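These notes are about the structure you will find just below.
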Amino acid sequence: MRASLSQGTVKAAVLNSMLTTTERRSVFEQIENGELAFLFLAPEQFGDLETLERLKVAEPSLFAVDEAHCVSEWGHDFRPDYLQLSSVIEVLEHPVTLALTATASPLVRKEIVEQLGMNRPAEIISGFNRPNIHLSVCSFYDEAQKKKSLLEAVEAGQKPGIVYVATRKAAEMIAASLNERGLSAAAYHAGMKGCDRQQTQTCFMRNDIDIIVATTAFGMGIDKSNVRFVYRYHVPSSIDAYCQEIGRAARDGEPATAVLFYLADDMKLQRFLGSGAQVDEETLSELADFLDAVAEKADTLPTEQQLKDHFELS
Numbered sequence: 002m003r004a005s006l007s008q009g010t011v012k013a014a015v016l017n018s019m020l021t022t023t024e025r026r027s028v029f030e031q032i033e034n035g036e037l038a039f040l041f042l043a044p045e046q047f048g049d050l051e052t053l054e055r056l057k058v059a060e061p062s063l064f065a066v067d068e069a070h071c072v073s074e075w076g077h078d079f080r081p082d083y084l085q086l087s088s089v090i091e092v093l094e095h096p097v098t099l100a101l102t103a104t105a106s107p108l109v110r111k112e113i114v115e116q117l118g119m120n121r122p123a124e125i126i127s128g129f130n131r132p133n134i135h136l137s138v139c140s141f142y143d144e145a146q147k148k149k150s151l152l153e154a155v156e157a158g159q160k161p162g163i164v165y166v167a168t169r170k171a172a173e174m175i176a177a178s179l180n181e182r183g184l185s186a187a188a189y190h191a192g193m194k195g196c197d198r199q200q201t202q203t204c205f206m207r208n209d210i211d212i213i214v215a216t217t218a219f220g221m222g223i224d225k226s227n228v229r230f231v232y233r234y235h236v237p238s239s240i241d242a243y244c245q246e247i248g249r250a251a252r253d254g255e256p257a258t259a260v261l262f263y264l265a266d267d268m269k270l271q272r273f274l275g276s277g278a279q280v281d282e283e284t285l286s287e288l289a290d291f292l293d294a295v296a297e298k299a300d301t302l303p304t305e306q307q308l309k310d311h312f313e314l315s
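Right under this line is the structure:
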C-alpha cells in the first residue's frame, strides 16, 4: 500500500525496524515538514517513546488501523501489541479513527469498537464475495495421496501461488518436494530468521519465486495482485482465517482458484490446539517437540490417540 501511494501523487513512508538511524531520522523530518501525507507503521513501533512524541507534534488528522480484527481476542489473529493503540489514540488527542478488516463477526466488531475507544462509530459492512475466485474442496482418506495431489495441482496450476500448511515442518517438506519437481518454491514460517523471511517475501513479490509454502506467519500486509491460486494443505484454524487467506488471490480481478485439501485426521490437531482457552509455555514447547518428532518419523501429523497418550488426556 505504501509503495502504491508513493508511486502516485500521494507521498507516503514507512517506519520499521529495517530502517537505519539516518533513514528513520529522514522520515521524522519529512513528517515534521509536512512532506508526507501518510505514514505506515506496525503497533510495535509505538513502544518507542520518541516515535510517539514526534508523531504527536505532527498532529495527525487520521489514525487508521488495518487488520483491525487483531485488536480482538476473539479474532483469528489476535496480537497483544494492538491493545496499546487506544492509549496511542489518546496521546494523539483522538484524531478521526478508522478500523478496517476483511473478516469480523459481530462479536469481534463490538470488541474493536471497545478496545479502540470509538464513540458511536459508523459501521460500514459489505460482502466479500469474489466471483473471480473459484472455491473447492478435495477430500482424501490417505496422507500420501493428498500430498501427491497437492504437488500435481501446484505443478499444473498457473503461477504464482501460495500453499498454506499447519506446521513449519510441512512448509519445508512441501517446498523441497516442489523444488525436486523443478518448480521454484520456498518455505516461509516463524522459525526462520527475520532477514530470511524478508528475503523470501521480497523474491515472491518480485516474481523471482513462483510458489510460497507457508504457515499463517505469511500473509498480513501482503498485496501481490497476480496470485493465481491459494491451496490449503491442512484445515485452517477458522473460517475467518481462511477468508483472509483466499482473499490474497486474484487482486488483479483475473480468475484464480482456492482449494482446500481435506483429510479428516487434520481436524484432530486443530481440535486439540483449540480445546483450551490458555496453554502454558511449557506445554506448547512440549507440543512443538512432539510434533517435530512425529513428523521426522512419518512426515505427517500425529493422530488423536497419539496426542491423548502423550499428554495423558482422557
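This note's numbering puts the first residue of the sequence shown at 2, with every later residue one more than the last.
Heads up, the beta-carbon is just placed ideally off N, CA and C, and yes, glycines get one too.
Predicted, not measured: the structure shown is a model, and the values here were computed from it.
query	result
For residue 253 and residue 226, believed in contact at Cβ under 8 angstroms, the rounded distance	4 angstroms
Sheet register partners of residue 215 (DSSP bridge)	165, 189
Buried versus exposed, by CB contacts within 10 Å (16 or more), residue 211	buried
The alpha helix (DSSP H) enclosing residue 134, as first and last residue numbers	That residue, residue 134, is in no alpha helix (DSSP H); its beta strand (DSSP E) goes 134 to 141.
Beta-carbon proximity check, residue 100 vs residue 114, cutoff 9 angstroms	yes
From 62, 63, 93, 142, residue whose alpha carbon lies closest to that of residue 52	93
Where residue 95 falls, given that 16 or more other Cβ within 10 Å makes a residue buried	exposed
Exposure label - residue 138; buried when at least 16 CB within 10 Å	exposed
Assigned secondary structure, residue 151 (DSSP; H/G/I helix, E/B strand, else coil)	helix
Reduced DSSP secondary structure (H/G/I, E/B, other) of residue 66	strand
Residue 1 versus 250, 251, 189, 173, residue with shortest Cα-Cα distance	The structure shown has nothing for residue 1, since the chain only spans 2 to 315.
Segment contact, 8 angstroms Cβ cut-off, at least three pairs: the stretch 166 to 180 with the stretch 200 to 218	yes
Buried versus exposed call for residue 71 [16 or more other C-beta atoms within 10 Å across all chains shown]	buried
Which of helix, strand or coil DSSP assigns to residue 315	In this prediction, residue 315 scores a pLDDT of 48, lower than 50, which makes its location untrustworthy; the coordinate-derived value is nonetheless stated afterwards. Correct three-state label for residue 315: coil.
Buried or exposed by the 16-neighbour rule on C-beta atoms within 10 Å, applied to residue 28	buried
Whole-angstrom distance between residue 223 and residue 184, CA atom to CA atom	22 angstroms
Residue span of the beta strand (DSSP E) that contains residue 98, given as start and end	97 to 100
Residue 234 (DSSP reduced to helix, strand or coil)	coil
Euclidean distance between Cα positions of residue 181 and residue 34	53 angstroms
Assigned exposure category for residue 50 - 16 Cβ within 10 Å defines buried	exposed
Short Cβ contact (9 angstroms threshold) for residue 118 with residue 229	no
Between the CA atoms of residue 236 and residue 269 - distance to the nearest angstrom	10 angstroms
Among 247, 266, 261, nearest to residue 134 - alpha-carbon criterion	247
CA nearest to the CA of residue 62, picked from 82, 32, 147	32
Test item: CB-CB of residue 262 and residue 160 under 9 angstroms	no
Contact under 9 angstroms by Cβ, residue 110 with residue 165	no
Which of helix, strand or coil DSSP assigns to residue 41	strand
Same chain, Cβ closer than 8 angstroms to residue 218, five either side skipped, listed in chain order	189, 190, 191, 198
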